[in-house]
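Protein chains in written order, with full-length UniProt numbering: chain A, 1 to 391; chain B, 1 to 290.
Ideal Cβ positions, reconstructed from N, Cα and C, are used throughout, including at glycine.
These figures come from a predicted structure and were not determined experimentally.
Rendered as structure tokens:
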């Protein structure tokens with residue numbers, strides 16, 4: 001009896017598949033750091049996308065959407081390119097998304113036009129990525145976007161001599177240039193600019209160098225991950241904080257999962273960023289509740305979750321606009337000028353740059369209910385990517 | 001002058017971490033002729049156990065170190081019985097490499113599965129965290145602790161190998177295993193004990209060095225090259241050699257990072273090339289790796 005009913009179901013299913021109203025499956029390839037030291041951020045891609053799907057269903061119209069995850073692991077352009085090719089050729093994905101590291105995004109970009117596939121960048125933050133292909137849109141942030149407010153704040157708060165220490169790759173160099181330009185335009189001087197290799201784990205000598213430079217403030221960027229914690233600890237333990245040298249950074253350096261490890265010594269560290277888990281809005285509350293409901297942990301939420309959540313919105317919008325057909329021009333056109341209320345605040349996609357325009361917040365590490373958080377203390381509204389946009 | 005002193009202190013601390021972890025490998029390579037690529041994995045296991053003991057069980061730092069070192073040895077001993085003893089001394093380098101790198105991958109996978117891919121700190125007690133004023137600069141208190149640990153380890157090892165009965169037996173077993181056995185020395189037990197010692201040292205170094213070489217699943221591979229370099233520069237099996245190599249390389253690396261950070265590890269490897277060119281068997285090697 002059971003068997004025959006199963007058979008009937010199968011027949012019915014086969015009948016449906018063969019029918020004219022066939023529900024097709026649209027595949028989206030997500031490239032993220034799923035293993036290795038940066039795995040937390042790949043996990044956040046998945047948490048963000050899962051939250052979006054849980055809220056909006058796995059269907060757009062009659063089209064089923066399927067997300068396929070692949071591991072980029074580390075800054076490894078050759079590997080990322082191979083993964084992207086595999087997704088395009090073997091899995092026949094209609095959209096690519098994710099990408100944590102800039103070099104990896106750069107390697108994937110040339111494939112898009114040939115394959116006629118849009119890419120939604122959900123992290124990689126070097127400004128020029130969107131220029132590498134007309135089929136790229138970005139829902140994360142850029143270094144210029146987050147750094148220009150940092151330089152303004154530093155100057156406003158009385159910094160005059162700044163030492164810059166950034167990781168020696170695309171975003172780090174962007175951050176250095178953005179800070180230098182804004183800070184010098186404000187009348188400050190840069191007394192030291194250190195570029196640190198990506199694999200640095202011991203920051204003591206660098207702290208010593210900064211101290212010797214006579215700077216009153218440090219500006220730093222490191223990609224969120226293990227080295228940021230070591231950097232902040234070196235800053236505190238080498239007596240720079242006690243010696244009155246201020247630390248100013250982009251939020252990558254003080255991601256929420258790292259705060260408990262930095263401990264109370266981190267209180268008062270300033271950073272500028274587009275998203276803080278503590279952001280007080282109904283959208284963020286609903287977003288975080290959904291993350292937890294879909295199996296995520298609140299202590300593990302980072303900026304890549306919200307970028308992925310908003311990225312999934314763009315993908316759904318593009319599928320809707322093209323009715324499931326592969327038409328990258330139409331898809332990208334559909335998201336230009338798109339405005340919505342993100343968990344991070346009001347955002348829109350800049351039609352010129354295809355990059356997200358958003359508020360950037362100045363935050364201070366503070367304690368609430370015994371837990372460290374990034375408390376938003378000042379808002380810079382609707383910041384564009386300062387490297388690409390003129391205003 | 002102040003700057004030079006500051007760099008010297010940083011170099012000393014970094015060198016000591018390298019020393020504590022590498023000396024176990026040096027003993028394995030020099031005395032038992034095993035190129036143990038799983039050495040970094042044992043250091044990592046030590047770090048994870050200590051991190052877990054402090055964070056989840058709330059044990060004190062000192063107690064966690066002891067427990068983690070013992071725990072790592074307990075985990076490693078069955079491996080010695082089943083696998084490592086087959087590759088001591090007589091076997092070719094290739095099976096040794098394949099076996100130990102295989103163990104490394106296995107450990108990485110298991111650790112990743114159990115503890116997850118994120119960095120696991122070993123929280124320091126209040127006494128050891130925060131800055132410490134040593135007159136001409138502030139220094140992380142923990143660095144002083146590491147320097148002390150390195151010095152004590154070096155002295156204790158020297159005493160153990162050169163001045164105790166165990167040391168005599170070990171050296172006899174190494175120089176001529178068959179003759180040592182004929183004289184009634186149970187070389188099997190000697191090797192077992194030496195293996196435990198090497199693993200214990202790796203774990204100890206992994207824990208106290210966690211601030212400089214953070215504990216995460218790829219630790220086992222990431223720093224393995226550095227440990228091997230220290231051993232080959234110092235000369236396998238030599239305590240003073242490993243100490244000299246660690247300090248020298250620590251100095252090269254730290255000075256390089258201070259003077260020209262954008263060069264990365266260039267100066268570290270430049271120092272390696274120069275030293276190995278001048279001393280093909282390492283600074284104080286006995287040409288043991290025949």
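Cβ proximity to chain A below 7 Å picks out 254, 257 and 258 from the segment 232-258 of chain B.
For residue 372 of chain A, the enclosing beta strand (DSSP E) begins and ends at 371-383. Straight-line measurement puts the Cα of residue 227 of chain A at about 25 Å from the Cα of residue 272 of chain B. Across the segment 156-190 of chain B, no CB contact with chain A closer than 9 Å is found for any residue. Taken atom to atom, the span from the alpha-carbon of residue 244 of chain A to that of residue 372 of chain A is near 21 Å. The C-beta of residue 196 of chain A comes closer than 8 Å to at least one C-beta of chain B.
At the C-beta level, residue 282 of chain B and residue 266 of chain B stay beyond 8 Å of one another. Of all residues in the segment 33-52 of chain B, none places a beta-carbon less than 9 Å from a beta-carbon of chain A. Each residue's CA atom was taken as its position, placing residue 276 of chain B and residue 236 of chain B some 13 Å apart. For residue 10 of chain B, the enclosing alpha helix (DSSP H) starts and ends at 2-32.
DSSP, reduced to helix, strand and coil, places residue 346 of chain A within a strand of the structure shown. Taking every protein chain shown into account, the CB of residue 218 of chain A has 16 or more other CB atoms within 10 angstroms, so this residue is buried. When the alpha-carbon of residue 196 of chain B is set against those of B:42, B:178, B:96 and B:99, the nearest one is in B:42.
For residue 132 of chain B, the enclosing beta strand (DSSP E) begins and ends at 131-133. Comparing alpha carbon positions, the residue from A:348, A:161 and A:374 closest to residue 383 of chain A is A:348. The shortest C-alpha to C-alpha distance from residue 121 of chain B to any of B:28, B:61 and B:153 is the one to B:61.
Under the DSSP assignment, residue 224 of chain B falls outside any beta strand (DSSP E), being part of the alpha helix (DSSP H) whose first and last residues are 224-234. Bounds of any alpha helix (DSSP H) do not take in residue 253 of chain A, whose DSSP letter is neither H nor E.
Of all residues in the segment 193-221 of chain B, only 211, 212, 213, 214, 216, 217 and 218 come within less than 9 Å of chain A when Cβ atoms are compared, listed by chain position.
For residue 92 of chain B, there are no CB contacts under 8 Å within the same chain when 5 residues up- and downstream are skipped. With fewer than 16 other beta carbons inside 10 angstroms of its own, residue 102 of chain B counts as exposed. As DSSP reads the structure, residue 258 of chain B sits in no beta bridge. Nearest CB-CB separation between residue 252 of chain A and chain B: not below the 8 Å threshold. Scanning chain A for C-beta atoms nearer than 8 Å to the C-beta of residue 12 of chain B yields nothing, as the closest lies near 11 Å away.
Contacts with chain B (Cβ-Cβ distance below 7 Å) from the segment 203-226 of chain A involve 204, 205, 206, 208, 209, 212 and 226, listed in chain order. Interface residue (Cβ-Cβ distance to chain B less than 8 Å): residue 323 of chain A is not classified as such.
DSSP places residue 300 of chain A in the helix class (H, G or I) of the three-state scheme. Scanning A:380, A:138, A:387 and A:385 for the CA closest to the CA of residue 149 of chain A turns up A:380. Distance from the CA atom of residue 154 of chain A to the CA atom of residue 128 of chain A, rounded to whole angstroms, is 26 Å.
Looking only at A:54, A:87, A:124 and A:151, the smallest Cα-Cα distance to residue 296 of chain A is reached by A:54. Following the DSSP letters along the chain, one finds residue 64 of chain A in no alpha helix (DSSP H) but inside the beta strand (DSSP E) bounded by residues 63-71. One thing to note: residue 30 of chain A has its Cβ no nearer than 8 Å to the Cβ of residue 66 of chain A. Collapsing the DSSP output to three states places residue 137 of chain B in coil.
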